[in-house]
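So the protein lines, in turn, are chains A and B. Throughout the first sequence, residue numbering follows the numbering used here, covering 1 to 286 in sequence. Throughout the second sequence, residue numbering follows the numbering used here, covering 287 to 1069 in sequence. Reviewing the structure listed below.
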Amino acid sequence: MEYKAPSSIDEAVMLLAQANGKAHVLAGGTDLLVQIRAGFTKPTLVVDVKNILELRTISVADDGVCIGAAVTGAELGEHDAVKAAWPGLVEATELIGSTQIQGRASLGGNLCNASPAADTVPALVAASAICLIAGPNGQREAPVEQIVTGPGQTSLKNSEFVVQFQLPKKLPRSADAYLRFIPRTEMDIAVVGAGVNLTLDKKGICQQARVALGAVAPTVLLVEAGAKALIGSTLDDAALDKLRAAASAACNPIDDKRGTVEFRVDVAGVLAKRAVLIAKQRAEMN
Amino acid sequence: MANTGIGAAVARKEDGRFLHGRGQFVGDIKLAGMLDAAFVRSPVAHGRIVSIDVPEQFHEAVFTAKDLTGLKTIRANSGLKGFKSSEQPPLASNKVRLVGELLAVCVGGNRALAEDVVDEVFANIEELEPVTDMLSARAPDVPLVHEEWGDNVFLETNVDTGVEAALASAPVKISRRLRMSRQCMAPLEGRGVVAEWNHRTQQLVVHTATQIPHIVRTGLAECLGLDESAVRVTAPDVGGGFGYKAILLPEELVVCWLAIHLHRPVRWLEDRREALTASANAREHYYDITLCADEEGKFLALDAKVTVDAGAYSSYPFTACLEATQVASILPGPYNFPAYRCQTWSVATNKCPILPYRGVARAGVCYALESMVDLVARKINKEPHDVRLENLITPEQMPFDNIVNKHFDSGDYPECLKRAAAAIDVEGVRKRQVLGEPDGRLVGLGMGIFNEQAAHGTAVYSAWGIPMIPGYEQAFVRFTPDGGLEVRVGIQCHGQGSETTLAQVAHEILGLDIESIKIVHGDTELSPYSTGTWGSRVMVMSGGAVATACEKLCERIQLIGAHLLQAELEDTQVEDGYVKAPSGQISLIDVARTWYHRPQDLPADVDRQGLEVTAGYKLRRDDGTFSYAAHAAVLAVDPHFGTVEIIKYVVVEDGGVLINPMIVDGQILGGAAQGIGTALYEEMPFDENGQPLFSTLADYVLPGATEVPNIHIEHMETPSPYSLFGQKGIGEGGAIGSVAAVTNAVNDALCRVGAEVCETPMTPRRILTAIQDAKSQRESVGT
Chain A
1 MEYKAPSSID EAVMLLAQAN GKAHVLAGGT DLLVQIRAGF TKPTLVVDVK NILELRTISV
61 ADDGVCIGAA VTGAELGEHD AVKAAWPGLV EATELIGSTQ IQGRASLGGN LCNASPAADT
121 VPALVAASAI CLIAGPNGQR EAPVEQIVTG PGQTSLKNSE FVVQFQLPKK LPRSADAYLR
181 FIPRTEMDIA VVGAGVNLTL DKKGICQQAR VALGAVAPTV LLVEAGAKAL IGSTLDDAAL
241 DKLRAAASAA CNPIDDKRGT VEFRVDVAGV LAKRAVLIAK QRAEMN
Chain B
287 MANTGIGAAV ARKEDGRFLH GRGQFVGDIK LAGMLDAAFV RSPVAHGRIV SIDVPEQFHE
347 AVFTAKDLTG LKTIRANSGL KGFKSSEQPP LASNKVRLVG ELLAVCVGGN RALAEDVVDE
407 VFANIEELEP VTDMLSARAP DVPLVHEEWG DNVFLETNVD TGVEAALASA PVKISRRLRM
467 SRQCMAPLEG RGVVAEWNHR TQQLVVHTAT QIPHIVRTGL AECLGLDESA VRVTAPDVGG
527 GFGYKAILLP EELVVCWLAI HLHRPVRWLE DRREALTASA NAREHYYDIT LCADEEGKFL
587 ALDAKVTVDA GAYSSYPFTA CLEATQVASI LPGPYNFPAY RCQTWSVATN KCPILPYRGV
647 ARAGVCYALE SMVDLVARKI NKEPHDVRLE NLITPEQMPF DNIVNKHFDS GDYPECLKRA
707 AAAIDVEGVR KRQVLGEPDG RLVGLGMGIF NEQAAHGTAV YSAWGIPMIP GYEQAFVRFT
767 PDGGLEVRVG IQCHGQGSET TLAQVAHEIL GLDIESIKIV HGDTELSPYS TGTWGSRVMV
827 MSGGAVATAC EKLCERIQLI GAHLLQAELE DTQVEDGYVK APSGQISLID VARTWYHRPQ
887 DLPADVDRQG LEVTAGYKLR RDDGTFSYAA HAAVLAVDPH FGTVEIIKYV VVEDGGVLIN
947 PMIVDGQILG GAAQGIGTAL YEEMPFDENG QPLFSTLADY VLPGATEVPN IHIEHMETPS
1007 PYSLFGQKGI GEGGAIGSVA AVTNAVNDAL CRVGAEVCET PMTPRRILTA IQDAKSQRES
1067 VGT
């Protein structure tokens, strides 16, 4: 196995394009190194992207926030502007692993590992994040929800990798939230996750909403019926009940030892509702 | 000098090496030429072995049952009438009876190479229908785990003082079916063994992670056909045991056989997957139980049918019936029952043998009984702790012989309960429940009180069918030429802090600096024979033996000191490291130097036994000591997620005279964490084919730092009249009362919505299902 740590996007693309056999992109390595050690994957080349500036930078501009794909959870958690603008995304990131893992794990890795239970993905989807993707044919953009196509599968083509996440301009009276369910209180993998992003008007009527669920289907779900239930309402009990039902209805989970189908479906609805209430409270203060 | 004797919260002497990463565990032992072993394990729960195919090129690295010449099967027989014996072959030869049973062993230069060979071995097994549920295992026409038995019952027992009258007429009669799930013990360090043949001493030297080195030696010698003197077992630092390391493992036997026959050291280190899926199983009780009381809550009778899923084999030495037979004798708990009946079945299934686990039988018993007490209280609309007070044995009744002739030594059970009720603030919680929580969660309060028989001896164990358990321990002490004290004990310290507490006991008698007292343990070559560390017996029995040996040594030191001081013996005393007489004093170090280096200063008729003593100690009664405690918990249940947050947790414990209160607190805290795991998180499920479903700690949920609350501990110290210093064994109590306190609190919360969970662990899924069921029931009643 060869290890390379290029310092530019072009160099990384070239290394990946020229790779003979299986090549993996390494950011924090909190998933990849475990998989290599366990023998699940045997790459001939590992390209460490942590030395590439664009992937390690957080930039805040008038039209939104850009987060490098290899920025660590700890860096994001200490970034006041991102925390203020996207508290839901930051709390989702900070739920990954332990303090030690936080020093390594990245948004890009969490997305491209393509686990249905990734915590940051519902939050990114709810936030309408766009991925900037580098590859042999230059750079392209794609919404986060188009990246993962199934457990362990992505739509990224050979030699492509995610450079950064672009979050839209934060509108007044809008906010996001993320909640997950685990059988423990810390250090676990989501049995169900729910990310919500809302925009209210001055009267408290919901203008925009996005609801995303994790771990209840092969990929993270964008629940449009859930958003519909909220938009135009004051997020009253009736709207929340509709959202809960829509979220539960959207679920297509597996039945496994971590949670039965019924349990996941039920909890997904409750989680979505509670995430909305948190986002609402935050939006009202913005 | 600060007090470092009995009652002092001395920092643990052994912690220095652990905190510096210098502990020496089995995994740290590396011997020249050592081979690693890995096992081929059965993929099916029940089947007949047709063949085990080994590719030609691996013949020298793979061993199956037919290769293990001269190795006997493991037999652990109960002394009770009707017990059916199981024979556990170290490697399966004809049948496999559980997933993970050993089929073959492979050796290599390291574990990875050995595992590569494992992958090349193919076991051709004709599958048989397995028995996986203990209740259906007793039905007619089910498959048999051991065909020759004719059924699947290791042992059936029956205690009956006559309950029919109470059952027929009791004003309050509550029945339930309660389940405590199968669990896995999870010490930080798994099992592990390194064995080598020493040609010079003609000995098999076995380094193994065990709590019971001497018993392992006996078992190994018997199964390997060696003289006991040809086997030396050492337990180095051991990273937790909890009972899992109080057995003789088939893996130990196989590794020892290999070391003898390959003339090379051989090592096996268990990985977590092996522990979880094939070995460390415990508990799994089912109670069909009825509690009868009058309108005031005074108990009239207790009637129970108890089944324990003992798995496929009877483990050495404590047998497959350890749990069920104890259940029958301890189910009445700390209460006064006028009538009692208990039938038990130790049932064989195609699952891992259940092994002793901290709070053997007691955790299940306390859960079952205390659940029933709460139900009676709810029925008659009384505060559960008032019902408990109504029925607890009182201090005036002590010592007390209960309905099954358990002899409770001392204590004030009602006071313990009252203090717990005050500390948890029962009234405050009740008010809070009436007001309701702003976040909609349901608050519950639960208590569990129990007494813990500890350091019990021969009579008690033989009544449970377990032979070979003495009610005594010995210790060897040697005063060294430099004035230090070597204390050799047969017990094994695997986290209890005994290297400190036993030094405190020796200090109490001799007044020597505890830094100069060295506790030597865990080596059959260096210590008196002992059954080891289990059953909360070390501080009472081994502590008694150390004190007795030190007292004898003290007499000899005093005699020499008196001579050197030219004083009459009766005018001298040993104090603070000196022999003191009116004429002056002489340090114990000077006495030691005189004995070893200046014999010319000793009288001609000096006691020739010198400054080495082996002495034994036996409790005044075989019943042992009864520590007791009340655990109380307040928690909040999220009715939509079924999750539980423990808000407040209190323990009031009476362990008699405490040798080291800090270490006692540690025992209580660790035990309570395990009980919280039993109550809320830990479960090892099997599917209908007998496949264990959890194989990693991601699935097998252990409580972590964020699940275990701050635990407030209060102590009472009622001395035991039967132990040397009044101390009582407390090693297991934390894991006993905690299960009941937490499960009762969950059901106290759930009763507000008419729901009840009758099974541990009370997971979010079970809690949500109970809430849903209650809701459906209300709706169906409503329509």
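Backbone N, C-alpha and C define an ideal beta-carbon position, used for all residues, glycine too. Keep in mind that this is a model prediction, so the values were computed, not measured.
Interface flag, residue i vs chain B, CB-CB below 8 Å
i	result
A:Lys257	yes
A:Val261	no
A:Ile189	yes
A:Glu352	Because residue 352 of chain A is not part of the residues shown, which for chain A are 1 to 286, the question remains open.
A:Val270	yes
Assigned secondary structure, residue i (DSSP; H/G/I helix, E/B strand, else coil)
i	result
B:Tyr572	strand
B:Ala881	One point to set straight first is that residue 881 of chain B is Trp, not Ala, in the sequence displayed. Three-state DSSP puts B:Trp881 in a helix.
B:Tyr653	helix
B:Met466	strand
A:Gln281	helix
B:Glu931	strand
B:Gln374	strand
B:Pro700	helix
B:Met733	strand
B:Gln612	helix
Residue nearest to residue i in terms of C-alpha spacing, selected from the options
i	options	result
B:Ile460	B:Leu661, B:Gly743, B:Asn667 and B:Arg879	B:Leu661
B:Ser565	B:Val1067, B:Phe980, B:Val524 and B:Val1039	B:Phe980
A:Ala129	A:Leu167, A:Ser8 and A:Asn137	A:Leu167
B:Gly727	B:Thr1055, B:Asp862, B:Gly734 and B:Arg718	The sequence given here places Arg at residue 727 of chain B; Gly does not occur at that position. When only C-alpha atoms are compared, the closest one is B:Arg718.
B:His807	B:Gln778, B:Gly818 and B:Val832	B:Gln778
B:Ser632	B:Arg383, B:His485 and B:Ala614	B:Ala614
B:Ala1026	B:Ser873, B:Tyr935 and B:Glu387	B:Tyr935
B:Thr563	B:Glu373, B:Arg486 and B:Ala472	B:Ala472
B:Asp951	B:Gly1017, B:Leu988 and B:Ala984	B:Gly1017
B:Ala915	B:Thr1004, B:Gly902 and B:Ala901	B:Thr1004
B:Glu898	B:Leu796, B:Glu854, B:Leu874 and B:Glu772	B:Glu772
B:Val824	B:Leu796, B:Leu855 and B:Gly781	B:Gly781
B:Ile805	B:Met827, B:Arg764, B:Ile795 and B:Ala1031	B:Arg764
B:Asn688	B:Asp909, B:Val775, B:Ser748 and B:Ile962	B:Asp909
Min CB distance residue i to chain A below 8 Å
i	result
B:Phe623	no
B:Gly990	yes
B:Pro1050	yes
B:Asp672	no
B:Phe972	no
B:Phe980	yes
B:Phe927	yes
B:Glu236	Outside the modelled stretch of chain B, which goes from 287 to 1069, sits residue 236 of chain B, for which no answer is possible.
B:Val987	yes
B:Leu1054	yes
Identified DSSP bridge partners for residue i
i	result
B:His1001	B:Glu939
A:Asp48	A:Leu26
B:Tyr602	Looking at the DSSP assignment, B:Tyr602 forms no beta bridge with any residue, so it has no partner.
A:Ser174	A:Thr199
B:Tyr967	Answer is none; B:Tyr967 lacks a bridge partner.
B:Ile904	As written in the sequence, residue 904 of chain B is Lys, which differs from the Ile given in the question. B:Tyr758.
B:Ala915	B:Phe736 and B:Glu939
A:Gln208	A:Thr199
Chain E contact for residue i (CB, 8 Å cutoff)
i	result
A:Val267	The structure shown has no chain E; the protein chains it does contain are A and B.
Could you tell me whether the stretch 409–422 of chain B touches the stretch 537–549 of chain B, where touching means 3 or more Cβ pairs closer than 8 Å? no
Cβ contact (3+ pairs, closer than 8 Å) linking the stretch 330–339 of chain B and the stretch 962–977 of chain B: Yes, the stretch 330–339 of chain B is in contact with the stretch 962–977 of chain B.
Contact the stretch 732–752 of chain B vs the stretch 1007–1023 of chain B: 3+ CB pairs below 8 Å: yes
Assess contact between the stretch 256–267 of chain A and the stretch 177–194 of chain A, defined as three or more Cβ pairs (one per stretch) separated by less than 8 Å. Is contact present? Short answer: they touch.
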